[in-house]
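For the record, in the sequence shown the residue sitting at position 183 is 1278 according to the numbering used here, with numbers rising by one throughout. Notes for the one structure printed next.
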Amino acid sequence: MNSYDLSRQWFDFSFENPEKVKPIHTAIYFFVIDRCNRLGWKEKFGLPTDMAMEALGIRSYKTYKPALLNLIEWGFIEMVQESKNQFTASIIALVKNTKAHTKAHTKAYDKASTMHTPKQVESTYQSTHQSESSIDKQINKQTNKQINKQTIGVQGNDEFSNLIFSKDEEMFLKNLCEFFSQTTEVLKMRVYSFARAKKQNGEFQEFEKQTVAYMKFKDLTGQEKHNWLNFQRDWQENDWINKLKNIDKAKVKQLNIKKSNTIKDDSILQKMLAYSNSN
(Lines of atoms letter the chains of each structure in order from A and count residues from 1; the text may use other names and numbers.)
(Lines give C-alpha, C1' and ligand atoms only; values in the text may rest on other atoms or scores of the structure.)
Protein backbone atom coordinates (compact mmCIF):
# COMPACT_ATOMS: atom_id res chain seq x y z
CA MET A 1 0.00 0.00 0.00
CA ASN A 2 1.42 3.38 -1.03
CA SER A 3 0.25 6.91 -1.76
CA TYR A 4 -0.43 6.19 -5.43
CA ASP A 5 -2.57 3.11 -4.72
CA LEU A 6 -4.56 4.96 -2.08
CA SER A 7 -5.12 8.03 -4.26
CA ARG A 8 -6.10 5.88 -7.25
CA GLN A 9 -8.67 3.89 -5.28
CA TRP A 10 -10.07 7.13 -3.89
CA PHE A 11 -10.58 8.73 -7.29
CA ASP A 12 -12.06 5.49 -8.65
CA PHE A 13 -14.61 5.69 -5.86
CA SER A 14 -15.09 9.42 -6.35
CA PHE A 15 -15.70 8.97 -10.08
CA GLU A 16 -18.38 6.35 -9.45
CA ASN A 17 -20.05 8.26 -6.59
CA PRO A 18 -20.10 11.96 -7.52
CA GLU A 19 -23.31 12.48 -5.56
CA LYS A 20 -21.58 11.42 -2.32
CA VAL A 21 -18.11 12.91 -2.54
CA LYS A 22 -17.39 16.52 -1.62
CA PRO A 23 -14.10 18.45 -1.63
CA ILE A 24 -13.85 18.13 2.15
CA HIS A 25 -13.71 14.33 1.86
CA THR A 26 -10.76 14.52 -0.52
CA ALA A 27 -9.00 17.09 1.68
CA ILE A 28 -9.32 15.02 4.87
CA TYR A 29 -8.37 11.74 3.17
CA PHE A 30 -5.22 13.13 1.58
CA PHE A 31 -4.25 14.83 4.85
CA VAL A 32 -4.53 11.40 6.51
CA ILE A 33 -2.38 9.82 3.77
CA ASP A 34 0.26 12.52 4.18
CA ARG A 35 0.29 12.10 7.96
CA CYS A 36 0.64 8.32 7.66
CA ASN A 37 3.57 8.80 5.27
CA ARG A 38 5.30 11.24 7.62
CA LEU A 39 4.99 8.69 10.42
CA GLY A 40 6.68 5.96 8.38
CA TRP A 41 3.47 4.22 7.24
CA LYS A 42 2.50 3.10 10.71
CA GLU A 43 -0.39 0.67 10.84
CA LYS A 44 -2.18 2.76 13.48
CA PHE A 45 -1.50 6.41 14.20
CA GLY A 46 -2.91 9.48 15.91
CA LEU A 47 -5.01 12.03 14.04
CA PRO A 48 -5.34 15.20 16.14
CA THR A 49 -8.67 16.79 15.30
CA ASP A 50 -7.54 20.36 15.86
CA MET A 51 -4.41 19.83 13.77
CA ALA A 52 -6.42 18.47 10.83
CA MET A 53 -9.00 21.24 11.05
CA GLU A 54 -6.34 23.93 11.22
CA ALA A 55 -4.33 22.49 8.31
CA LEU A 56 -7.40 22.17 6.09
CA GLY A 57 -9.00 25.48 7.05
CA ILE A 58 -12.08 23.83 8.55
CA ARG A 59 -13.49 26.07 11.27
CA SER A 60 -16.41 24.00 12.50
CA TYR A 61 -16.16 20.59 14.18
CA LYS A 62 -19.70 19.94 12.96
CA THR A 63 -18.38 20.18 9.40
CA TYR A 64 -15.28 18.06 10.00
CA LYS A 65 -16.73 15.12 11.92
CA PRO A 66 -19.47 14.03 9.44
CA ALA A 67 -16.94 14.04 6.59
CA LEU A 68 -14.53 11.87 8.61
CA LEU A 69 -17.36 9.48 9.50
CA ASN A 70 -18.22 9.22 5.79
CA LEU A 71 -14.66 8.10 5.02
CA ILE A 72 -14.98 5.47 7.74
CA GLU A 73 -18.38 4.34 6.46
CA TRP A 74 -17.07 4.07 2.89
CA GLY A 75 -14.19 1.87 4.04
CA PHE A 76 -11.19 4.15 3.50
CA ILE A 77 -10.34 4.72 7.17
CA GLU A 78 -10.69 2.48 10.21
CA MET A 79 -11.46 4.10 13.55
CA VAL A 80 -9.36 2.33 16.19
CA GLN A 81 -10.09 4.73 19.05
CA GLU A 82 -12.41 7.69 18.68
CA SER A 83 -11.49 11.06 20.18
CA LYS A 84 -13.63 12.35 23.04
CA ASN A 85 -13.95 15.83 21.58
CA GLN A 86 -12.50 18.16 18.96
CA PHE A 87 -9.44 18.87 21.09
CA THR A 88 -8.15 15.30 21.38
CA ALA A 89 -6.68 12.84 18.87
CA SER A 90 -8.37 9.84 17.33
CA ILE A 91 -6.38 6.67 16.65
CA ILE A 92 -7.02 5.55 13.07
CA ALA A 93 -5.68 3.23 10.37
CA LEU A 94 -5.68 3.52 6.59
CA VAL A 95 -7.52 0.73 4.82
CA LYS A 96 -7.05 -0.68 1.34
CA ASN A 97 -10.61 -0.26 0.12
CA THR A 98 -11.34 -3.31 -2.01
CA LYS A 99 -14.92 -2.20 -2.54
CA ALA A 100 -13.84 1.07 -4.11
CA HIS A 101 -11.04 -0.31 -6.28
CA THR A 102 -12.74 -2.69 -8.75
CA LYS A 103 -12.13 -3.45 -12.41
CA ALA A 104 -15.44 -1.87 -13.31
CA HIS A 105 -14.50 1.37 -11.64
CA THR A 106 -11.04 1.39 -13.18
CA LYS A 107 -12.31 0.69 -16.69
CA ALA A 108 -15.00 3.34 -16.39
CA TYR A 109 -12.50 5.92 -15.22
CA ASP A 110 -9.91 4.99 -17.84
CA LYS A 111 -12.53 5.04 -20.59
CA ALA A 112 -13.66 8.50 -19.59
CA SER A 113 -10.06 9.70 -19.47
CA THR A 114 -9.34 8.23 -22.92
CA MET A 115 -12.42 9.83 -24.46
CA HIS A 116 -11.54 13.18 -22.92
CA THR A 117 -7.89 13.22 -24.02
CA PRO A 118 -8.33 13.40 -27.86
CA LYS A 119 -10.75 16.32 -27.49
CA GLN A 120 -8.20 18.09 -25.36
CA VAL A 121 -5.47 17.52 -27.94
CA GLU A 122 -7.68 18.62 -30.83
CA SER A 123 -8.59 21.81 -29.01
CA THR A 124 -4.94 22.52 -28.30
CA TYR A 125 -4.04 21.92 -31.94
CA GLN A 126 -6.71 24.22 -33.26
CA SER A 127 -5.89 27.03 -30.87
CA THR A 128 -2.12 26.96 -31.34
CA HIS A 129 -2.05 25.94 -35.06
CA GLN A 130 0.76 23.54 -34.38
CA SER A 131 1.51 20.80 -36.88
CA GLU A 132 2.15 18.08 -34.36
CA SER A 133 0.72 17.05 -31.03
CA SER A 134 2.03 14.29 -28.83
CA ILE A 135 0.26 12.40 -26.09
CA ASP A 136 1.94 10.43 -23.34
CA LYS A 137 -0.24 7.33 -23.05
CA GLN A 138 -0.27 5.03 -20.06
CA ILE A 139 1.35 1.81 -21.27
CA ASN A 140 0.49 -0.29 -18.22
CA LYS A 141 -1.45 0.13 -15.04
CA GLN A 142 1.29 -1.07 -12.74
CA THR A 143 2.54 1.36 -10.15
CA ASN A 144 6.18 2.23 -9.72
CA LYS A 145 7.94 0.42 -6.92
CA GLN A 146 8.89 2.41 -3.88
CA ILE A 147 12.67 2.67 -4.07
CA ASN A 148 13.38 4.62 -0.92
CA LYS A 149 11.15 3.87 2.04
CA GLN A 150 12.67 6.62 4.15
CA THR A 151 10.07 9.22 5.13
CA ILE A 152 10.34 12.78 6.30
CA GLY A 153 9.56 13.72 9.87
CA VAL A 154 9.16 10.18 11.23
CA GLN A 155 8.70 10.20 14.96
CA GLY A 156 9.60 7.55 17.49
CA ASN A 157 7.46 5.02 19.34
CA ASP A 158 6.19 7.73 21.67
CA GLU A 159 4.21 9.33 18.82
CA PHE A 160 0.89 8.66 20.56
CA SER A 161 2.10 10.23 23.81
CA ASN A 162 3.04 13.37 21.91
CA LEU A 163 -0.48 13.72 20.59
CA ILE A 164 -2.76 12.51 23.35
CA PHE A 165 -3.12 14.36 26.64
CA SER A 166 -3.58 12.50 29.91
CA LYS A 167 -6.65 13.13 32.08
CA ASP A 168 -4.64 15.44 34.34
CA GLU A 169 -3.28 17.34 31.36
CA GLU A 170 -6.80 17.63 29.95
CA MET A 171 -7.92 19.15 33.26
CA PHE A 172 -4.99 21.57 33.18
CA LEU A 173 -5.84 22.71 29.64
CA LYS A 174 -9.52 23.03 30.46
CA ASN A 175 -8.76 25.29 33.42
CA LEU A 176 -6.19 27.17 31.36
CA CYS A 177 -8.86 28.00 28.78
CA GLU A 178 -11.18 29.22 31.53
CA PHE A 179 -8.49 31.35 33.17
CA PHE A 180 -7.62 33.15 29.93
CA SER A 181 -11.26 33.25 28.73
CA GLN A 182 -10.56 31.05 25.70
CA THR A 183 -14.06 29.60 25.72
CA THR A 184 -15.17 29.44 22.08
CA GLU A 185 -14.52 26.40 19.90
CA VAL A 186 -11.94 28.16 17.74
CA LEU A 187 -10.09 29.72 20.69
CA LYS A 188 -9.91 26.39 22.53
CA MET A 189 -8.58 24.74 19.39
CA ARG A 190 -5.73 27.27 19.26
CA VAL A 191 -4.84 26.66 22.91
CA TYR A 192 -4.72 22.89 22.35
CA SER A 193 -2.61 23.33 19.21
CA PHE A 194 -0.12 25.45 21.16
CA ALA A 195 -0.03 22.91 24.00
CA ARG A 196 0.48 20.03 21.58
CA ALA A 197 3.41 21.87 19.99
CA LYS A 198 4.96 22.29 23.45
CA LYS A 199 4.39 18.58 24.11
CA GLN A 200 6.06 17.55 20.87
CA ASN A 201 9.18 19.65 21.46
CA GLY A 202 9.45 18.61 25.13
CA GLU A 203 8.47 21.95 26.70
CA PHE A 204 5.00 21.06 27.96
CA GLN A 205 5.95 20.20 31.56
CA GLU A 206 7.92 23.42 31.99
CA PHE A 207 5.07 25.39 30.43
CA GLU A 208 2.64 23.75 32.83
CA LYS A 209 4.73 24.52 35.93
CA GLN A 210 5.37 28.11 34.91
CA THR A 211 1.69 28.64 34.12
CA VAL A 212 0.51 27.37 37.50
CA ALA A 213 3.09 29.60 39.23
CA TYR A 214 2.01 32.55 37.08
CA MET A 215 -1.64 32.12 38.03
CA LYS A 216 -0.84 31.87 41.72
CA PHE A 217 1.46 34.90 41.53
CA LYS A 218 -1.21 37.02 39.84
CA ASP A 219 -3.82 35.95 42.36
CA LEU A 220 -1.64 36.75 45.38
CA THR A 221 -0.40 40.11 44.12
CA GLY A 222 -3.61 41.25 42.49
CA GLN A 223 -1.70 42.25 39.35
CA GLU A 224 -3.43 42.37 35.99
CA LYS A 225 -2.97 39.17 34.00
CA HIS A 226 -1.85 38.90 30.38
CA ASN A 227 -4.23 38.01 27.61
CA TRP A 228 -3.67 34.56 26.15
CA LEU A 229 -1.84 35.67 23.00
CA ASN A 230 0.67 37.69 25.00
CA PHE A 231 1.16 34.95 27.57
CA GLN A 232 1.86 32.21 25.04
CA ARG A 233 4.40 34.51 23.39
CA ASP A 234 6.14 35.74 26.56
CA TRP A 235 5.75 32.88 29.09
CA GLN A 236 9.49 32.00 28.89
CA GLU A 237 10.70 35.56 29.43
CA ASN A 238 10.00 35.40 33.18
CA ASP A 239 10.69 32.72 35.76
CA TRP A 240 7.30 32.74 37.46
CA ILE A 241 8.28 29.96 39.84
CA ASN A 242 11.17 32.06 41.16
CA LYS A 243 8.98 35.19 41.29
CA LEU A 244 6.45 33.30 43.36
CA LYS A 245 9.14 32.17 45.82
CA ASN A 246 10.44 35.72 46.24
CA ILE A 247 7.05 37.33 46.66
CA ASP A 248 6.80 39.93 49.43
CA LYS A 249 4.46 38.13 51.82
CA ALA A 250 4.19 41.17 54.07
CA LYS A 251 2.92 43.22 51.16
CA VAL A 252 0.45 40.50 50.35
CA LYS A 253 -0.93 40.67 53.85
CA GLN A 254 -1.28 44.43 53.58
CA LEU A 255 -3.38 43.92 50.46
CA ASN A 256 -5.57 41.53 52.47
CA ILE A 257 -5.18 38.84 49.84
CA LYS A 258 -5.92 35.35 51.05
CA LYS A 259 -3.29 32.64 50.91
CA SER A 260 -3.70 29.88 48.38
CA ASN A 261 -4.94 27.35 50.96
CA THR A 262 -7.95 29.54 51.71
CA ILE A 263 -9.08 29.92 48.10
CA LYS A 264 -12.54 28.57 47.40
CA ASP A 265 -12.66 25.05 46.05
CA ASP A 266 -14.59 26.09 42.96
CA SER A 267 -12.04 28.69 41.81
CA ILE A 268 -10.01 28.08 38.68
CA LEU A 269 -6.75 28.69 40.54
CA GLN A 270 -7.57 26.07 43.17
CA LYS A 271 -8.17 23.53 40.42
CA MET A 272 -4.81 24.38 38.89
CA LEU A 273 -3.02 24.14 42.24
CA ALA A 274 -4.68 20.81 43.00
CA TYR A 275 -3.52 19.52 39.62
CA SER A 276 0.02 20.81 40.24
CA ASN A 277 0.23 19.21 43.69
CA SER A 278 -0.95 15.86 42.35
CA ASN A 279 2.06 15.71 40.03
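Where is the CB? At the ideal position from N, CA and C, for every residue including glycine. Because the structure is a prediction, the values reported are computed rather than measured.
Cα atoms of Val1307 and Tyr1099: separation of roughly 48 Å, rounded to the nearest angstrom. Taking C-beta atoms under 8 Å as the contact rule, Val1175 and Ala1188 qualify, at a distance of about 6 Å.
When DSSP states are grouped into helix, strand and coil, Leu1282 belongs to the helix group.
The straight-line gap separating the alpha-carbon atoms of Ala1150 and Pro1113 is approximately 25 Å.
Residues Ile1128 of the same chain have their beta carbon placed closer than 6 Å to that of Leu1101, with the five preceding and five following residues left out of the count. Under the DSSP assignment, Val1127 falls in the alpha helix (DSSP H) whose first and last residues are 1118-1133.
Lys1191 sits exposed, since fewer than 16 C-beta atoms from the chains shown fall within 10 Å of its C-beta.
Unbroken alpha helix (DSSP H) runs of no fewer than 4 residues, entirely contained in the stretch 1276-1332, are found at 1280-1295, 1299-1316, 1323-1329, following chain order.
Met1148 sits close to Tyr1159, with the two beta carbons spaced by under 7 Å. Beta-carbon to beta-carbon, Gln1181 and Met1266 are separated by about 17 Å, too far to satisfy the 8 Å threshold. For Gln1104, the uninterrupted alpha helix (DSSP H) run begins and ends at 1098-1111, by DSSP. Each residue's CA atom was taken as its position, placing Asn1337 and Lys1304 some 11 Å apart.
For Ile1342, the three-state secondary structure derived from DSSP is coil. With respect to Ile1172, Gly1141 sits apart: the two C-beta atoms are not nearer than 7 Å. Beta-bridge partners assigned by DSSP to Ser1261: none are found. Beyond the five residues adjoining it in sequence on each side, His1120 comes within less than 7 Å, by CB distance, of Ala1162, Asn1165, Leu1166 in the same chain, given in chain order. For the 7 Å CB-CB criterion, Ala1290 and Leu1324 do not form a contact.
Where Glu1173 is concerned, there is no enclosing alpha helix (DSSP H), although the beta strand (DSSP E) around it starts and stops at 1172-1176.
A direct Cα-Cα distance of roughly 29 Å separates Lys1313 from Thr1183.
Minimum Cα-Cα distance from Phe1302 among the listed residues Leu1315, Thr1316, Tyr1287 corresponds to Tyr1287.
Spatial neighbours of Phe1126 in its own chain (CB-CB distance under 8 Å, excluding positions within 5 residues in sequence) are listed in chain order as Ala1147, Ala1150, Leu1151. The three-state secondary structure of Ile1153, taken from DSSP, is coil.
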